[in-house]
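In my numbering, the protein residues as written are 93 to 530.
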């Protein structure tokens, strides 16, 4: 696979120049952004750069930096490296210095003046970044219209070989963390212990994670985005659901695994069943045109799994048609992955920038597009015992309530892989990484 950064930049230049000209712009000014303080405080959250800037720079420590893209000339990078002794300034990476016409600025005033000079002589410059921004005061700079942003989002779903290689590396890093987390779980670790084991093995600090780790023991696995880390283990450890990712050169991985503490029990059976139909779902992926069709197929397999595990008493068809699968599987089957864990563009359906809304039955579905080569997305079906959803169908005659009561203390199961769509099939980045590591 040809996966050079230089080829990645050539692809970006071609895409951006085409879209800027199509929308009547001479160029674009892309601001990385800056952190803002908490209310009445002198502390700020971890800086997250504008993903449009990141796709060019592939470097997270870029606060205040600006990229000027001209439709007819080489992009110009303005790097901010202040003279500071409170914090260690970030120098421009060698890879960026060797691939961009660049200037390094030690003050924001100097950076602003340079940006003003860079856009002189242009009639229309699209500003893409957080607001407010000093450059928006320039007469020829205007916020990028939604149409242009949608078109950029549509293109971002198609990853370059370099981007796919970065996500493969991020997945391999995440797998190291997952293996350590699994070991901590079987060594009686609490949620906090498992979280720390993941961080140590993946060599990440919390601020570097693509999203906060989800580490749920027992009933906590039924909360989809469970946000706490209990400091002591429950009296009886039954199950673990860990949803934890990693980053490599700004690109994300998103991996979930579920484990039963006792081999062969009813929860272990459920984990095995979800794992098997997740793999079946991925094997069938090339036969689907749209992700909505793929999601419906996931619900059909969930329905069969509920039958096989004796959670429902009716047929798989009746389980799906009565929307009982929605109770046990309330989230989407996957989402685009890239510089953001939930990468943008999942509802943008064409190059013009048109968008669609999820269907009424599946309002949380983040991806509705045609499945196409070079897309990278997650495949993450699950089955959960969520009390608030079970309450909505209390007493339903086709639900095996005694089996539900047996499974409630285990919380739920989710199995999540990162997959890259290829011309002739699917590359499962996650299974590949596990196979290499184990």
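For each residue, glycine too, the CB sits at the ideal point set by N, CA and C. All figures in this text were calculated on a predicted structure; none of them were measured in a lab.
- Note that the C-beta distance between residue 193 and residue 168 is below 8 Å.
- Comparing C-alpha distances from residue 520 to each of 530, 528, 123 and 509 shows the shortest one belongs to 509.
- Within the same chain, 465 come within 8 Å of residue 515 by CB-CB distance, once the 5 residues on both sides are set aside.
- Counted as a single uninterrupted DSSP element, the beta strand (DSSP E) harbouring residue 171 occupies residues 168-172.
- Around the C-beta of residue 346, 16 or more other C-beta atoms lie within 10 Å, and the residue is accordingly described as buried.
- Check the Cα spacing between residue 156 and each of 457, 491, 254 and 226: the tightest is with 226.
- Judged by their CB atoms, residue 218 and residue 234 are nearer to each other than the 8 Å cut-off.
- For residue 411, the enclosing alpha helix (DSSP H) covers residues 408-413.
- When DSSP assignments are scanned along the region 107-150, the uninterrupted stretches of beta strand (DSSP E) that are 3 or more residues long and fall wholly within it turn out to be 119-123.
- Taking a contact to require three or more Cβ pairs closer than 8 Å, the region 281-292 and the region 317-336 qualify as touching.
- By the criterion of a C-beta distance shorter than 6 Å, residue 251 is surrounded in its chain by 466 and 468, once the five residues flanking it on both sides are discounted.
- With fewer than 16 other CB atoms across the displayed protein chains lying within 10 angstroms of its CB, residue 178 is exposed.
- Residue 294 has its alpha-carbon roughly 5 Å from the corresponding atom of residue 265.
- In terms of CA proximity to residue 231, 207 leads the group 207, 421 and 196.
- For residue 382, DSSP records a beta bridge to 462.
- Pairing residue 210 with residue 362, the inter-Cα distance amounts to about 59 Å.
- Here the alpha carbons of residue 512 and residue 141 stand approximately 25 Å from one another.
- About 12 Å separates the CB atoms of residue 158 and residue 119; that is not less than 8 Å, and the two are not in contact.
- For the pair residue 146 and residue 431, the CB atoms are nearer than the 8 Å cut-off.
- The residues 453, in chain order, have a CB closer than 8 Å to that of residue 415 in the same chain once the five nearest residues on each side in sequence are set aside.
- Residue pairing by DSSP places residue 335 opposite 306 and 348 in a beta bridge.
- The three-state secondary structure of residue 218, taken from DSSP, is strand.
- Secondary structure at residue 329: coil, using DSSP grouped into helix, strand and coil.
- With 16 or more other Cβ atoms from the protein chains shown falling within 10 Å of its own Cβ, residue 256 counts as buried.
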